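A.B. asks: With full-length UniProt numbering, letter number 222 in the sequence shown gets 222, and the count goes up by one each step, no holes.
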Amino acid sequence: MKNLFLRKRPAKSQSGDEHQQGETPLEASTESGENTYNNEHDYPTSETPLPESEIASDEVAAAAVTTVDEPQKKIKPKKDMLPPYDGPVLEVRNVHRSFQTGSRIIHVLKGIDMEVNPQQLVMLKGRSGSGKTTLLNMLGGLDQPSSGDILFSGQPLQDWGDRRRTALRRKEIGFIFQAYALMPLLSAWENVELSLRMADVPRAEWKDRVGHCLDLVGLSKRVKHRPFEMSGGEQQRVAIAKAIAHRPRLLLADEPTAELDSKMGAQVMAVFRNIIEVEQVTICMTTHDPTILEVADHVYEMADGRFIR
Ligand SMILES: Nc1ncnc2c1ncn2[C@@H]1O[C@H](COP(=O)(O)OP(=O)(O)OP(=O)(O)O)[C@@H](O)[C@H]1O
Ligand SMILES: [Mg+2]
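Here's what the structure looks like:
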């Protein structure tokens, strides 16, 4: 599918010259609804306390994406967890993963080698059950290989303890899921703000950062909307803003367009290309959708736990 949104490297000059301030190209092409929030003073402020129930349930949600064997304590990430490194964001070497179910051992990943370089958009494609999610979980330190190495910015994740890996995830990695994973009672603004709160970003930075991230995904006119007041594509774009708010190096997305029609899927891919440019993030995602593969810098095809090309 050819689509204006599907550009590998959007020219930097497109970032604002042809549009009014606060209006992204995406908004200009997709937002036809009313603008009820005309200026920044209409935005909800970070002084508004979150309902306790939301905070508690988000901590549960955050714990759910950490490993099951970890205590659910709040872990304060260090400012700079990783030394400067010019090489790949991810290096995967001969990774195997097996699961024991009853007396059976299922060999799911069978020798994966891959590299993801800074500011690349890398896609994993393959049939259901080929091992995409299993691999993605390992890239994000949610699970560990049975054998083989995964280096994150040159650091061997398997040599790190649970607490350090959890801190790395909170600081350096953003996760995006098929079903958006937003807090239903919070507005778009509050959902993004929550991720800054969870990452211990100083409160003084929240307002600028939340506004910037929602602008980047083309939702500066939807900041007060709750998830049920937004389309699937808009919800996924809030989820992207939430995932990049704490300035991670790596975004991992498991079938982020699977619930969306082709137009909304293309918008999400346009947002991905844009945030690679603007935020210098690196993205690794899984997909079944052949129409979005052309946006990738590199596609790995999986079959039965191996890359076939
Ligand atoms: N914890 C586990 N225990 C046992 N088997 C598992 C476990 N996790 C994954 N598997 C098996 O590994 C295989 C690959 O699963 P995975 O979820 O990685 O596939 P996938 O490529 O992401 O599929 P889909 O496209 O449907 O999401 C499946 O056969 C699955 O049953
Ligand atoms: Mg999967």
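Ideal Cβ placement from N, Cα and C applies to all residues, glycine included.
None of the values given here were measured: they were computed from a predicted structure.
Given 8 Å as the limit, is there contact between the stretch 77–97 and the stretch 106–125, that is, 3 or more CB pairs closer than that?
C.D. replies: A contact exists between the stretch 77–97 and the stretch 106–125.
A.B. asks: Ligand 1 and Ile106: does any heavy atom of the ligand fall closer than 7 Å to the residue's C-beta?
C.D. replies: Checking the Cβ of Ile106 against ligand 1 gives yes.
A.B. asks: What is the residue span of the beta strand (DSSP E) that Arg97 lies within?
C.D. replies: From DSSP, the beta strand (DSSP E) with Arg97 extends over 90–101.
A.B. asks: Does Glu193 pass the burial test, meaning 16 or more other C-beta atoms within 10 Å, or should it be called exposed?
C.D. replies: Its Cβ being crowded by 16 or more others within 10 Å, Glu193 is buried.
A.B. asks: For Leu139, which residues from the same chain have a beta carbon less than 7 Å from its beta carbon, with the 5 sequence-adjacent residues on both sides left out?
C.D. replies: Closer than 7 Å at Cβ, skipping near neighbours: Leu90, Ile150, Leu252, Cys284.
A.B. asks: Do Val108 and Gly126 have their C-beta atoms within less than 8 Å of each other?
C.D. replies: For Val108 and Gly126, no; Cβs fall outside 8 Å.
A.B. asks: If you follow the beta strand (DSSP E) that Ser147 is part of, which residue opens it and which one closes it?
C.D. replies: Looking at the DSSP string, the run of the beta strand (DSSP E) that includes Ser147 is 147–152.
A.B. asks: Please check the pair Arg97 and Thr134, which I expect to be a contact at CB under 8 Å, by giving their CB distance rounded to whole angstroms.
C.D. replies: Contact flag correct, Cβ pair sits at about 6 Å.
A.B. asks: Could you give the C-beta distance for Ala241 and Val278, rounded to a whole number, given that I count them as a contact under 8 Å?
C.D. replies: That belief does not hold up - the Cβ atoms of Ala241 and Val278 are roughly 12 Å apart, past 8 Å.
A.B. asks: Hey, is Ser187 close to ligand 1, as in C-beta under 7 Å from one of its heavy atoms?
C.D. replies: It does not: the Cβ of Ser187 is nowhere closer than 7 Å to a heavy atom of ligand 1.
A.B. asks: Can you pull every residue whose C-beta falls closer than 7 Å to some heavy atom of ligand 2, listed in chain order?
C.D. replies: Going by the Cβ distance cut-off, the answer is Lys132, Thr133, Asp254, Glu255, Thr286.
A.B. asks: Verify the contact flag: Gly126, CB atom, against every heavy atom of ligand 1, threshold strictly below 7 Å.
C.D. replies: Gly126 Cβ: within cutoff of ligand 1.
A.B. asks: With a threshold of 7 Å, establish whether the CB of Gly140 neighbours any heavy atom of ligand 4.
C.D. replies: The model on display carries ligand 1 and ligand 2 but not ligand 4.
A.B. asks: According to DSSP, is Thr287 helix, strand or coil?
C.D. replies: The answer is strand: DSSP assigns Thr287 an E or B state.
A.B. asks: Of the choices Thr257, Ile275, Glu294, Tyr85, whose alpha-carbon is the least far from that of Gln178?
C.D. replies: Taking only the C-alpha atoms, the option nearest Gln178 is Thr257.
A.B. asks: Here's the rule: buried if 16 or more other CB atoms are within 10 angstroms of the residue's CB, otherwise exposed. What is Pro83?
C.D. replies: So Pro83 counts as exposed.
A.B. asks: Do Leu121 and Ala296 have their C-beta atoms closer together than 8 Å?
C.D. replies: Yes, these two residues count as a Cβ contact at 8 Å.
A.B. asks: Any idea what DSSP makes of Gly141, helix, strand or coil?
C.D. replies: In this structure, Gly141 counts as coil in the three-state DSSP scheme.
A.B. asks: So Lys242 is in the alpha helix (DSSP H); what residue range does that whole segment cover?
C.D. replies: Segment 232–244, the alpha helix (DSSP H) holding Lys242.
A.B. asks: Would you say the beta carbon of His298 is closer than 7 Å to some non-hydrogen atom of ligand 1?
C.D. replies: Incorrect: His298 has no Cβ contact closer than 7 Å to ligand 1.
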